[in-house]
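The numbers in the sequence shown follow numbering that gives the first Met the number 0, run straight up by one, and end at 118. All C-beta atoms in this analysis are idealised placements derived from N, C-alpha and C, irrespective of residue type, glycine included. Structure first, commentary second.
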Amino acid sequence: MAPSVLLIGLPWQGVPDPELQKTVREGLEKMDVDIPGAGYDYHTLLADPKDGEKAFTDGLTSRKWDVVIVGFGLRGFPQFTVFFEWLVNEIKDKAPTAKIGFNSSPESTLDSAKRLAPV
């Protein structure tokens, strides 16, 4: 069975740097093809922390995840620091068997999946 991978991140429209939005959108679209093509059961949860924590908790508890990857946008912008802290603890509590990974761009999501759940 293919390892289940959940990417949690900002929607491309929510990236605080307008110049990065196009790059992030294109990277996310590419990963929607490349990660399943590499043998993973890949899903994304892209939501804005301003909309509340429920979407994130619901995504974490919707099934058993082998890997949960937190996108750089949620850890790389200072305004999301408190939310990032909450999210890491929520992953630990709601998906306790999942390995937690991080990316530095949408394109590095596959690298993180490969490190944590080689296929």
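{"Asked": "Integer-rounded CB distance, given that Ala116 should sit under 8 angstroms from Val66", "Found": "5 angstroms"}
{"Asked": "Val4 beta carbon less than 7 angstroms from that of Tyr41", "Found": "yes"}
{"Asked": "Meets three-Cβ-pair contact criterion under 8 angstroms: the segment 90 to 100 and the segment 25 to 43", "Found": "no"}
{"Asked": "Any non-hydrogen atom of the ligand MG within 6 angstroms of Gln12 CB", "Found": "For the structure depicted, the ligand MG is absent and the ligand set is empty, with no information on it obtainable."}
{"Asked": "Ordered list of beta strand (DSSP E) runs contained in the segment 30 to 112, each at least 3 residues", "Found": "40 to 45, 66 to 69 and 98 to 101"}
{"Asked": "Buried versus exposed, by CB contacts within 10 Å (16 or more), Thr108", "Found": "buried"}
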